[in-house]
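Reviewing the structure listed below.
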Amino acid sequence: MNLINSEVKILQLVVGPVQTNCYIVFSDKKNAVIIDPGDEPEKILRTVEKQNLNVKYIINTHGHCDHIGANHIKNKLKPFPLLGIHQQDEPYIKDTLLNLSEIMGTKYIPVEPDIILNDNQRIVIDDSIWFDILHTPGHTPGSISLKLDNYLFSGDLIFSQSIGRTDLPGGDENLMQQSLKRICCLDKKLVIFPGHGPKTTLKQEIKTNPYLV
Numbered sequence: 047m048n049l050i051n052s053e054v055k056i057l058q059l060v061v062g063p064v065q066t067n068c069y070i071v072f073s074d075k076k077n078a079v080i081i082d083p084g085d086e087p088e089k090i091l092r093t094v095e096k097q098n099l100n101v102k103y104i105i106n107t108h109g110h111c112d113h114i115g116a117n118h119i120k121n122k123l124k125p126f127p128l129l130g131i132h133q134q135d136e137p138y139i140k141d142t143l144l145n146l147s148e149i150m151g152t153k154y155i156p157v158e159p160d161i162i163l164n165d166n167q168r169i170v171i172d173d174s175i176w177f178d179i180l181h182t183p184g185h186t187p188g189s190i191s192l193k194l195d196n197y198l199f200s201g202d203l204i205f206s207q208s209i210g211r212t213d214l215p216g217g218d219e220n221l222m223q224q225s226l227k228r229i230c231c232l233d234k235k236l237v238i239f240p241g242h243g244p245k246t247t248l249k250q251e252i253k254t255n256p257y258l259v
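Residue numbers (the numbering used here): 47 to 259.
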């Protein structure tokens, strides 16, 4: 468990065959957001129940099946949380070729989003947690990163020592470079929680990531 401060905690669950990071961020009031429930719905639900959390939002950083594959946990949570995805990745929810579930042979249950996310939008969980939405396309047209104070949930934009692929449907290398430049302008002490692999810092990636140096 990672502590942002005395009021906000981050739980990281590694789920599915491609080891996706699903993050549960919650306050001392037990209000929570789930970021990228990609697989293993029962594992996620058990964690929510164990922590006695009130999940207010489920947010997808992009529309690939390894990040949206367990969105249907929404229907097992009470009260129902709001499911959000960027407007340009909304088509991925229903299109099994775009979301790669058909290619990967993954059983997938589509769930309609409740809210469509846009650049610079703020999602407020409670008076301790709020996220600023950064549109960071490249991996997909509607990829987003979520910024909470000096912490960034980057999806498949940037990883420790690597970046997201741009050779999948909807990928764009030029947009990826623009998104990376945007992130590199942020505070160098920024802590990055990526969609796969270990957390890192912007300072470390600028120094050592071969795709940024």
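Even glycine gets a Cβ: it sits at the ideal position worked out from N, Cα and C.
Taken in chain order, the complete beta strand (DSSP E) segments of 3 or more residues contained in the stretch 97 to 178 are 100 to 105, 128 to 132, 161 to 163 and 168 to 170.
Taking the CA atoms as reference points, Ser147 sits about 11 Å from His113. In the DSSP annotation of this structure, the continuous segment of the alpha helix (DSSP H) that includes Gln224 starts and ends at Glu219 to Cys230. Leu144 is the residue among Gln97, Glu136, Val60 and Leu144 whose C-alpha sits nearest the C-alpha of Leu214. Assignment of beta-bridge partners to Gly201 by DSSP yields Pro240.
Nearest Cα to Ile175 within the set Glu136, Asp74, Gly243 and Glu251: Asp74. In the DSSP assignment, Lys75 falls outside any beta strand (DSSP E), carrying neither H nor E. DSSP places Gln58 in the uninterrupted beta strand (DSSP E) bounded by Val54 to Val61.
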